[in-house]
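The opening residue of the sequence shown carries number 382 in my numbering; numbering runs sequentially from there.
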Amino acid sequence: MIEIKSRGQLEAMRAAGLVVARTLALLASHTKAGVSTAELDELAEQSIRDAGAIPSFKGYHGFPASICASVNEQVVHGIPSRTQVLAEGDLISIDCGAILDGWHGDSAITLPVGSVTEGELKLSEATRASMVAGIEAAVVGARLSDISFAIETATIRAGEEHGVEYGIVEGYGGHGIGTKMHMDPFLPNHGKPGKGPRLKAGMAIAIEPMLTLGTERTVELDDGWTVITADGSRAAHWEHSVAITDDGPWVLTALDD
């Protein structure tokens, strides 16, 4: 069963999404060499709670923090730490979630720390572009896998333009979102079009491609959370929570223009 929301409920999700968007903007302004990922986590929790919301990650299946901070070869679910101090040339993905009045918002960004290589900037650019392509495919009447196909196609196209072959991380993808953070349906980041449930107005999906400069395979560390690339290559992660409406996709976790 895929949760269908009313317009009013989607507006409540938009309020939660704005809490996440503003928190990520705050973190982006503080992401620099010498800052620990634990400091970013503390900023995030304060920002979320000051908005009257609850960090949805903290305590989720035992996760100990309010953000996931994944650096360099870490793909997702990196645990913030005082010993993880950002250095010039790092690439960090920050995933953030908030609950406001029972509704969830979930979004992720990838940021360079100071100067990074052109290849790493293009990796982040390609990941964001594939997310945007997925969002554009999230329309009433389409099939779920049309989003997957759009993400994969955009990834391949970016790779051809950049002269590299990006890895699409196996086993991880987007998900339904609403009264819970992770709900049906699971959304792979690759696949053939025309498969899966038909998209209806009122559905909300977190669209989140994860790309690497190498393998699609990953390894989970002994902490039970942090996922890294199997070959040590760098990774990027972008995510938005998106509502499907009769007027087209509505990005719930984007800042107001």
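Every residue, glycine too, gets a C-beta built ideally from N, C-alpha and C. Keep in mind the model is a prediction, meaning the values are calculated, not measured.
Candidates the options, of which the one nearest residue i by Cα
i, options, result
"C477", "R615, T593, T404, P566", "T404"
"A624", "L580, D637, V600, G605", "L580"
"R430", "A414, T593, E384, A479", "A479"
"G572", "A510, T593, A635, A535", "A535"
"V513", "V457, G495, E533", "E533"
"S505", "P461, V401, H543", "H543"
"P493", "R388, E469, M394, N570", "E469"
"R538", "S529, T560, L525, A507", "A507"
"A397", "T607, E589, W606, T560", "T560"
"V497", "A531, V456, V452", "V452"
"S511", "N570, R524, L525, S387", "N570"
"A409", "I383, I473, R395", "I473"
"P590", "R395, E426, I490, C449", "I490"
"D604", "I448, A531, G443", "G443"
Reduced DSSP secondary structure (H/G/I, E/B, other) of residue i
i, result
"G540", "helix"
"I532", "helix"
"S640", "Only positions 382 to 638 of the chain appear in this structure, which leaves residue 640 out of reach."
"I460", "coil"
"S474", "strand"
"T508", "helix"
"E601", "strand"
"H442", "helix"
"R615", "coil"
"V545", "coil"
"I435", "strand"
"I516", "helix"
"L525", "helix"
"L467", "coil"
"L636", "coil"
"A479", "strand"
"L568", "strand"
Start and end residues, beta strand (DSSP E) containing residue i
i, result
"I588", "585-588"
"I448", "448-452"
"G629", "629-632"
"I385", "Careful: I385 lies outside any beta strand (DSSP E) and carries neither H nor E."
"V608", "608-610"
"T593", "591-593"
Same chain only: Cβ atoms within 6 Å of residue i, ignoring 5 sequence neighbours per side
i, result
"I385", "G583"
"D527", "A518, P574"
"V466", "S417"
"T634", "G398, V401, A402, G486, S488, H621, S622"
Status (buried if at least 16 other CB within 10 Å, exposed otherwise) for residue i
i, result
"L636", "exposed"
"Y553", "buried"
"P566", "buried"
"L391", "buried"
"P578", "exposed"
"H618", "buried"
"H411", "exposed"
"M562", "buried"
"A414", "exposed"
Residue i: first and last residue of the uninterrupted alpha helix (DSSP H) it sits in
i, result
"V497", "Where V497 is concerned, there is no enclosing alpha helix (DSSP H), given that its DSSP letter is neither H nor E."
"T621", "Residue identity differs from the one stated: residue 621 is His in this sequence, not Thr. Segment 621-626 is the beta strand (DSSP E) holding H621; no alpha helix (DSSP H) there."
"A402", "388-411"
"I558", "No alpha helix (DSSP H) contains I558, which DSSP labels as neither H nor E."
"D431", "418-431"
Contact set for residue i: own chain, Cβ-Cβ below 7 Å, skip 5 residues either direction
i, result
"A446", "D422, F438, K439, I460, P461"
"R400", "Per the sequence presented here, residue 400 reads as Val, with Arg not at that position. Only I429, A432, A434, A479, L481, G486 meet the Cβ criterion."
"A419", "P461, S462, R463"
"V632", "I516, H621, V623"
"A393", "D482, W484"
"L568", "L525, I528, S529, G554, G555, H556, I586, I588"
Residues near residue i by beta carbon distance below 8 Å, same chain, minus five either side
i, result
"V520", "L580, I625, G629, P630"
"E454", "I609, T610, G613, S614, R615, A616"
"L680", "Since the first and last residues shown for the chain are 382 and 638, residue 680 lies out of range."
"E551", "E597, R598, T599"
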